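Q: I have a structure I would like to understand better, so I am pasting it below and will then ask my questions one at a time.
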Amino acid sequence: MPFLLKNNNFAFMHTLKKIRNMKKNCLIFVCLMFSTLCGCLKPVDEFSVPEMTVSYSENDLIYFSEIQTASVNVKISCEEELVGFKMSCDPPRWHLDSVFKNYTHDAEFNLNFVHEKGFVIEVPDSTYKLTFMAYTENDSVFARRTLKYKFVYPEIDSFDIELCADPAQPCLLDIKNKCAYKYTEFATQNFDLVFINEQRIFYTTMGMSGLSFISPDAQAYLSGYFESVNKILPPYEEGYLTFRETKIGYVNPKAINNSLHVTDAVVGTEDGWSQVRMELEGQDLGAGLHDVKRGTLYKCQLHDGSYAVIVLNAKVPSESKVVLRVYFQK
481 MPFLLKNNNF
491 AFMHTLKKIR
501 NMKKNCLIFV
511 CLMFSTLCGC
521 LKPVDEFSVP
531 EMTVSYSEND
541 LIYFSEIQTA
551 SVNVKISCEE
561 ELVGFKMSCD
571 PPRWHLDSVF
581 KNYTHDAEFN
591 LNFVHEKGFV
601 IEVPDSTYKL
611 TFMAYTENDS
621 VFARRTLKYK
631 FVYPEIDSFD
641 IELCADPAQP
651 CLLDIKNKCA
661 YKYTEFATQN
671 FDLVFINEQR
681 IFYTTMGMSG
691 LSFISPDAQA
701 YLSGYFESVN
711 KILPPYEEGY
721 LTFRETKIGY
731 VNPKAINNSL
741 HVTDAVVGTE
751 DGWSQVRMEL
761 EGQDLGAGLH
771 DVKRGTLYKC
781 QLHDGSYAVI
791 VLNAKVPSES
801 KVVLRVYFQK
């Protein structure tokens, strides 16, 4: 009996030791698995926050109008994968919601804000609050900017020039280049107005007479005029260049309180002037002004959409000459 008890006690102790070793090994295994799992997971505070740079500062007023575009550049970068970018506006006017392709870490937006013609500004103080947001799956970043409507007319330049209706003298006016060309240069030079002296009886009886400004694209009318002036002149036909279209008219005196003072607003405003076209027996001959005189502001819209105003400083009908001061948008 004692021998059997001793053996049983030994077996019990051996079994207990094996159980303890198994528990120890299990604990080690669980710890290893936990450490491995923790190594695969990135702590929340280690996720990369997107970086976003936006032109101007949060305190700046960014101006825009019909003629002035406000451009805002946004650059975004992040070590983590970028998910998207959003832009909202208060009050609502502009909106953008962009989702990036997979594996995008850098992005850039060039945003242009302009006031469309005919859109009515109904915002207190004419301001719009923009909010930009870039985001990943785990974080986001915000920026804010302020737009303000402010109409600013383009700056103007001016020059003096003499024109003569004699085709052998400068009669083709090039406003942006501040010069004039002779008739024989019409095929090689761009120009904005043709200066003539209409004396044909048929046209004078229709009220179209005297020293006149004509749009270059009034080809049918001008070709007949120059042929009547001198039949040996080369025909007024389009060659290498296409004749420009110039809209022409006069500034309404009430719009400027009967003043001849020319400002950037007088030149740049779309209102306050009347366009004139030549019509004969129901046929539209093109844009043109006849019997130009001193004391009136003549206005043109050039082929590129910009404006010019012409003042007659001197007029010599006997020599078919005028001296002009021309104001134009730069």
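So in the numbering used here, spot 144 of the sequence shown is number 624, and the numbers just go up one at a time. C-beta atoms are modelled at their ideal positions from N, C-alpha and C, and glycine is treated no differently. Computed from a predicted structure; not experimentally measured.
Assuming aspartate 672 contacts leucine 691 under a Cβ cut-off of 8 Å, what Cβ separation, rounded to an integer in Å, is found between them?
A: Not confirmed; about 17 Å, so no contact.
Q: Could you name each continuous beta strand (DSSP E) segment of 3 residues or more that falls completely within the stretch 599 to 645, going from the start of the chain to the end?
A: 607 to 615, 620 to 629 and 636 to 644
Q: Hey, quick one: how far does the beta strand (DSSP E) through glutamate 707 stretch, first residue to last?
A: Premise fails: glutamate 707 lies in the alpha helix (DSSP H), 699 to 709, not in any beta strand (DSSP E).
Q: Which of the three DSSP states is assigned to lysine 662 in this structure?
A: Coil at lysine 662, not helix or strand.
Q: For serine 754 versus asparagine 732, is the C-beta spacing smaller than 8 Å?
A: For serine 754 and asparagine 732, yes; Cβs fall inside 8 Å.
Q: For the alpha helix (DSSP H) containing aspartate 771, name the first residue and the last one.
A: Judged by DSSP secondary structure, aspartate 771 falls outside any alpha helix (DSSP H); it is assigned neither H nor E.
Q: Exposed or buried, which one is glutamate 678 when buried takes at least 16 other CB atoms within 10 Å?
A: buried
Q: Our contact map puts tyrosine 807 next to serine 703 with C-beta atoms below 8 Å; I'd like the distance itself, whole angstroms only.
A: Actually they are not in contact, since the Cβ atoms of tyrosine 807 and serine 703 sit about 30 Å apart, beyond 8 Å.
Q: Using DSSP with H/G/I as helix, E/B as strand and the rest coil, what is valine 789?
A: strand
Q: For the pair the stretch 632 to 646 and the stretch 794 to 803, tell me if three or more CB-CB distances fall below 8 Å.
A: yes
Q: Taking C-alpha atoms, which residue in Gly762, Val772 and Glu750 lies nearest to histidine 598?
A: In the sequence as presented, histidine is not what sits at residue 598; that position holds glycine. It is Glu750 whose Cα lies nearest to the Cα of glycine 598.
Q: Can you list, in chain order, the residues of its chain whose CB lies under 8 Å from that of lysine 486, leaving out five sequence neighbours each side?
A: Its pLDDT being 42, under 50, lysine 486 is placed unreliably in this model, and the value from its coordinates should be taken loosely. Nothing listed; no residue qualifies.
Q: With a floor of 3 residues, list each beta strand (DSSP E) that falls wholly inside the stretch 712 to 745, ordered by position along the chain.
A: 727 to 731
Q: Do the stretch 605 to 617 and the stretch 570 to 586 touch if we need at least three Cβ pairs shorter than 8 Å?
A: yes
Q: Helix, strand or coil for tyrosine 683? Go by DSSP, reduced to three states.
A: In the three-state DSSP reduction, tyrosine 683 falls in the helix class (H, G or I).
Q: Look at the alpha carbon of arginine 624 and the alpha carbon of valine 534, and state the distance between them as a whole number of angstroms.
A: 9 Å
Q: So is valine 554 buried or exposed if we call it buried at 16+ other beta carbons inside 10 Å?
A: buried
Q: Here's the rule I'm using: 16 or more other beta-carbon atoms within 10 Å means buried, otherwise exposed. How should leucine 777 be labelled?
A: buried
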